[in-house]
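There are 2 protein chains.
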Amino acid sequence: MAIPLPDGLTTPALVVDPDVLDRNISRMAEASQARGFALRPHAKTHKCAQIAERQLRSGARGLSVATIGEAEAFARAGVDDLFIAYPVWLDAGKAQRLRRLADVVALRVGVESVEGAQRLGNAVRDSARAVEVLVEVDSGSRRTGVQPHAAGEVGKAAADVGLDVVGVFTFPGHGYGHDARARELAARDEERALDEAAQALRELGLGVRVISGGSTPTVGRWQPGTVDELRPGVYVFNDATQLAIGTCEVEDLALVAAATVISVPAPDRFVLDVGSKVLGSDRSSWVTGHGYLPRFPQGTITALWEHHAVVRLPEGVRGPRLGSLVAVVPNHVCTPVNLADELLVVRDREVIDRWQVTARGANT
Amino acid sequence: MAIPLPDGLTTPALVVDPDVLDRNISRMAEASQARGFALRPHAKTHKCAQIAERQLRSGARGLSVATIGEAEAFARAGVDDLFIAYPVWLDAGKAQRLRRLADVVALRVGVESVEGAQRLGNAVRDSARAVEVLVEVDSGSRRTGVQPHAAGEVGKAAADVGLDVVGVFTFPGHGYGHDARARELAARDEERALDEAAQALRELGLGVRVISGGSTPTVGRWQPGTVDELRPGVYVFNDATQLAIGTCEVEDLALVAAATVISVPAPDRFVLDVGSKVLGSDRSSWVTGHGYLPRFPQGTITALWEHHAVVRLPEGVRGPRLGSLVAVVPNHVCTPVNLADELLVVRDREVIDRWQVTARGANT
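So the protein lines, in turn, are chains S and R.
Going by the working numbering, the residue at position 333 of the first sequence is 333; the numbering climbs one at a time, nothing skipped.
Going by the working numbering, the residue at position 361 of the second sequence is 725; the numbering climbs one at a time, nothing skipped.
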């Protein structure tokens with residue numbers, strides 16, 4: 001059973017097992033190091049200074065973040081090497097904020113258009129430290145990023161406005177799936193796309209010092225070679241999606257939502273006080289229901305409202321008593337963390353610490 | 365086009381049109397009054413003191429909320445009549461908080477179990493004002509609430525511990541749907557369930573002063589008779605779900621997420637800087653995609669990531685330029701508001717006010 005809950009806990013609340021968390025962090029750090037990859041974990045998953053500190057202490061090169069707001073929050077918390085792995089579009093306000101960041105931390109920023117690169121160049125023209133730029137490449141997820149052959153044009157536009165172009169990055173969103181082979185293929189897509197994009201930069205005389213890829217599902221599938229930096233995020237906590245696609249086991253789950261049974265309308269049904277405003281509503285096609293229940297692995301959250309999770313049990317399975325505590329592993333852990341103000345750190349059924357979600361709400 | 369956006373707005377941001385908001389509020393107030401229903405709007409939708417004030421000024425009897433935390437936030441903002449329309453399970457901490465609330469506001473609380481009623485009775489035994497209790501009834505949504513015939517037992521348990529049992533309430537969750545007839549039937553289910561539950565209370569000698577029902581989809585379908593209080597929430601803003609099921613028109617949409625085009629990877633595709641961490645991921649079977657685009661009504665948000673919305677356009681439809689602003693109407697408006705710190709009030713393309721989300725995060 002993942003994370004036994006303290007009696008009398010006020011719910012809903014997000015609960016973290018620090019020992020599982022530390023094991024997840026060191027396992028990823030060691031595996032990356034052993035195979036020669038630098039690690040720059042994506043902090044959008046945890047948004048939390050204490051967890052960032054653990055990642056950096058275990059050897060991470062720096063952090064990846066998704067927004068200027070997250071970069072600001074982690075910079076305030078003392079992190080000095082940040083990659084905004086996102087093609088930020090700078091309006092006047094964001095340009096000023098980015099410039100301020102560039103003065104105080106080693107900053108990398110993603111670009112994927114000529115205009116985006118030019119705006120970035122203008123914004124940081126006189127910053128104390130050079131801002132490093134990585135060109136985003138689409139390796140198959142059809143989200144943002146240029147096609148690999150077009151990386152050169154964007155890189156050149158960035159260099160022309162005085163930015164320090166250092167490499168390429170991608171996110172293999174299509175690497176999520178039940179099928180281990182799909183993950184393998186996605187990892188190969190990444191390598192191919194990044195390699196082609198790096199070549200395109202080199203052909204224009206641009207240096208390529210960083211080739212960055214990886215997500216929690218594909219990260220174990222890399223062969224040393226093309227890529228030299230990985231950016232997994234979810235691995236610190238894992239979640240019901242990672243469990244469903246087989247990239248973690250139950251004992252690797254480091255975060256649960258603690259809920260109370262508020263209703264037992266029938267022997268095969270109970271209702272928890274945790275809903276979409278705490279768990280989020282993400283539901284990939286690989287998961288069954290709206291979360292995984294370690295104490296009731298055969299139970300299914302068949303309906304999720306804002307403040308209710310309705311659980312169905314198969315015939316013959318005994319449900320919990322009214323008022324008892326039940327842990328729910330969220331489908332996609334980045335979402336509940338983004339909804340929370342704090343994480344309760346629990347060991348041996350006691351709350352031993354409370355970690356603020358440092359970058360709470362910093363999504364701009 | 366819903367809510368023209370100010371140039372240079374920093375995105376993502378939630379933007380409210382105060383004139384549409386006011387019209388939605390007064391229309392609902394007038395319709396309820398004309399037909400003899402009291403109105404107790406559900407404030408979980410907006411969590412915002414300024415909007416609560418508008419609802420109360422237009423004649424609402426008080427507010428409904430989902431959690432003790434929301435009740436505390438609105439009590440601090442000066443609202444003095446609050447119904448926690450939820451079968452709250454009181455641990456020691458919540459018992460103390462509820463007791464404090466009962467001392468300062470007219471408080472109603474939902475119950476749906478004998479044990480829940482007893483805990484509530486113990487918690488507020490010595491409060492300055494009597495806490496009123498409504499028994500929750502399941503009218504067909506199969507969430508919380510007792511079956512109508514069982515309302516008497518719960519009501520009696522509440523009365524036995526000294527609570528002031530004043531009536532019954534239900535939420536017709538099954539009233540959402542494309543089909544106007546389904547909404548009609550859900551409204552009839554509510555009436556029938558509430559009527560039967562009220563009878564069950566009366567038979568045990570309990571007074572029934574309040575019979576409370578209604579959601580935005582079913583609220584217009586009530587006939588004066590059984591029910592005397594309505595609790596719609598979403599109508600203040602409306603959203604893509606209400607638009608899809610036909611309970612509002614485009615001109616009734618009072619809230620959008622403002623987003624920037626961060627990528628135009630192909631003529632039929634663009635990407636916005638708004639994702640599930642701003643819009644939420646709710647997606648009922650009645651909507652197409654992850655939000656409605658007033659400027660591109662034929663466009664579909666085919667993929668929603670944490671910080672990206674990928675929009676597809678039909679052939680021949682011209683997309684927006686890189687860097688331009690695009691408004692997105694969320695699928696379910698309660699979720700993005702719950703994710704935001706503030707709402708930008710925009711009139712004539714200018715930000716004229718910023719309203720804090722008073723009960724932000726108050727989901728416990």
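Every residue gets a Cβ at the ideal spot worked out from N, C-alpha and C, and that includes glycine.
Under the 7 angstroms criterion on CB atoms, residue 534 of chain R is classed as non-interfacial with respect to chain S. Where residue 191 of chain S is concerned, the enclosing alpha helix (DSSP H) starts and stops at 180-203. Between residue 638 of chain R and residue 410 of chain R, the CB-CB gap reaches or exceeds 7 angstroms. When the alpha-carbon of residue 91 of chain S is set against those of R/372, R/520 and R/514, the nearest one is in R/372. Burial state of residue 614 of chain R is exposed, judged by a 10 Å Cβ sphere holding fewer than 16 other Cβ atoms.
In terms of CA proximity to residue 11 of chain S, R/457 leads the group R/423, R/457 and R/375.
Residue-level contact check: residue 666 of chain R does not touch chain S, since none of the beta carbons of chain S fall below 7 angstroms from its beta carbon. At least one beta carbon of chain S lies nearer than 7 angstroms to the beta carbon of residue 672 of chain R. A residue is called buried when at least 16 other Cβ atoms come within 10 angstroms of its Cβ; residue 568 of chain R does not meet this threshold and is exposed. When 8 angstroms is used as the limit between beta carbons, residue 453 of chain R is near these residues of chain S: 260, 261, 262, 273, 322 and 323, in chain order. Taking C-beta atoms as the reference points, residue 333 of chain S and residue 234 of chain S count as a pair closer than 7 angstroms. Of the candidates S/269, S/327, S/118 and S/230, S/230 places its Cα closest to the Cα of residue 43 of chain S. Closer than 9 angstroms at the C-beta level to chain S, one finds these residues of the region 499-524 of chain R: 500, 502, 505, 506, 507, 508, 509, 510 and 511.
If the five residues before and after residue 293 of chain S are omitted, its C-beta is found closer than 8 angstroms to the C-beta atoms of 299, 301, 311, 326, 327, 328 and 329, all from its own chain and listed in chain order.
Listed along chain S, the residues sitting closer than 9 angstroms to residue 476 of chain R by beta-carbon distance are 262, 263 and 265.
Residue 32 of chain S carries a helical assignment under DSSP once its states are collapsed to helix, strand and coil. Under the three-state reduction of DSSP, residue 463 of chain R is assigned to helix. Remark: fewer than three beta-carbon pairs, one from each stretch, lie closer than 8 angstroms, so the region 539-558 of chain R and the region 478-497 of chain R are not flagged as touching. Taking a Cβ-Cβ threshold of 9 angstroms, the residues of chain S close to residue 698 of chain R are 276, 277 and 306, in chain order. In the DSSP assignment, the residues bridged to residue 137 of chain S are S/146.
If you draw a 10 Å sphere on the C-beta of residue 285 of chain S, you find fewer than 16 other C-beta atoms in it, and that means exposed.
Rounded to the nearest whole angstrom, the CA to CA distance from residue 343 of chain S to residue 548 of chain R is 44 angstroms. A Cβ-Cβ separation of about 19 angstroms leaves residue 26 of chain S out of contact with residue 64 of chain S under the 8 angstroms criterion. Residue ranges of uninterrupted beta strand (DSSP E) with 3 or more members, entirely inside the region 568-655 of chain R and ordered along the chain, are 574-577, 619-630 and 633-636. In the pairwise beta carbon analysis, the region 96-108 of chain S is classified as not touching the region 673-687 of chain R: fewer than three pairs are separated by under 8 angstroms. At a Cβ-Cβ threshold of 7 angstroms, residue 366 of chain R and residue 617 of chain R count as neighbours. Interface annotation, residue 714 of chain R: not in contact with chain S, CB-CB separation never under 7 angstroms. Within a 10 Å sphere around the beta-carbon of residue 486 of chain R sit fewer than 16 other beta-carbons, which makes this residue exposed. At a cut-off of 7 angstroms between beta-carbon atoms, residue 371 of chain R makes no contact with chain S.
Taking residue 347 of chain S as the centre and dropping the five residues before and after it, the same chain places the C-beta of 17, 18 and 19 closer than 8 angstroms to its C-beta, in chain order. Restricting attention to R/514, R/392 and R/527, the CA atom closest to the CA of residue 472 of chain R is found in R/527. Residue 40 of chain S sits close to residue 83 of chain S, with the two beta carbons spaced by under 7 angstroms. Secondary structure at residue 428 of chain R: strand, using DSSP grouped into helix, strand and coil. The Cβ-Cβ distance between residue 504 of chain R and residue 574 of chain R does not fall below 7 angstroms.
At a cut-off of 7 angstroms between C-beta atoms, residue 285 of chain S does not count as an interface residue with respect to chain R. Interface with chain S (7 angstroms Cβ-Cβ cutoff): residue 390 of chain R is excluded.
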